[in-house]
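Counting along the sequence shown from 1, when you hit position 53 you're at 63 in our numbering, and nothing is skipped either side.
By construction, the Cβ of each residue, glycine as well, lies at the ideal position given by its N, Cα and C atoms.
The model shown is predicted, which means the values in this text are computed figures rather than measured ones.
Quick notes on the structure that follows.
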Amino acid sequence: MQRNLCERVIKLDKNIRFAGIVNANGEVIEGGFQQGIQPLLNGPAEQQMYIQSLSNVVTLKQYADRLGAFRYSITEHDKVTLLTFPLGDGILCVSASSKADSAKIRNKVSALLKEKPRHSKKV
């Protein structure tokens, strides 16, 4: 039985803190934190961050006809690195510790997203 996407992402690297699928309404519909990891943001702030990440992806996708397809974004903070990937009408959000190799994680997640089937849930 194939594990769900977020479980597979979390297992890619020990420095991944969180993996979650966010739908077009900004709601996390699948995913969670690595075992033993506590969120740095409270519920409302975390929700706002997902909505902002989704908004950024939607905006960047508008330029695809001139710039090419949007593939991912990486945002680095002092404490965490956030990686965002388009996924249907939603996004895949990945949070990693600041000491993580974000390029390595990006490559592994990108390869995972290219596997078929990509994701069974409608986002």
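Which residues in the same chain have their Cβ closer than 6 Å to the Cβ of residue i, if we skip the five residues on either side of it in sequence?
i     : result
LEU92 : THR85, SER105
ASP23 : ILE115
In terms of residue numbering, what span does the alpha helix (DSSP H) encompassing residue i cover?
i      : result
GLU10  : With the chain covering 11 to 133 only, the question about residue 10 has no answer from this structure.
LEU70  : 53–71
ALA125 : Reading off the sequence, residue 125 comes out as Glu, not Ala. Note, GLU125: premise wrong, no alpha helix (DSSP H); not H, not E.
ILE20  : 15–20
ALA74  : 74–77
Just to confirm, is the Cβ distance from residue i to residue j under 7 Å?
i     : j      : result
ASN35 : ALA110 : no
ASN33 : GLY100 : yes
THR94 : SER83  : yes
GLY41 : CYS16  : yes
In the DSSP assignment, the beta strand (DSSP E) including residue i goes from what residue to what residue?
i      : result
ASP92  : For clarity, residue 92 is Leu in the given sequence; the question names Asp instead. 90–97 is the span of the beta strand (DSSP E), which, as asked, contains LEU92.
SER105 : 100–107
ILE84  : 83–86
Enumerate in chain order the residues of its own chain whose CB-to-CB distance from residue i is below 7 Å, with the five nearest sequence positions on each side excluded.
i      : result
PHE80  : VAL67, LEU70, LYS71, ALA74, PRO96
ILE20  : ILE26, ALA29, GLN44
SER107 : ASN25, ARG27, VAL90
ARG18  : LEU122
ARG88  : With the sequence shown as reference, residue 88 is identified as Asp, and Arg is not the correct amino acid for it. Closer than 7 Å at the Cβ level, and outside the excluded window around ASP88, lie SER108.
Going along the chain, which residues of its own chain have a beta-carbon closer than 8 Å to the beta-carbon of residue i, five neighbours each way excluded?
i     : result
LEU64 : VAL32, ALA34, GLY36, GLY100, ILE101
How about residue i: is its C-beta nearer than 7 Å to some C-beta of chain B?
i     : result
ASN14 : Here chain B cannot be found, since the structure has a single protein chain.
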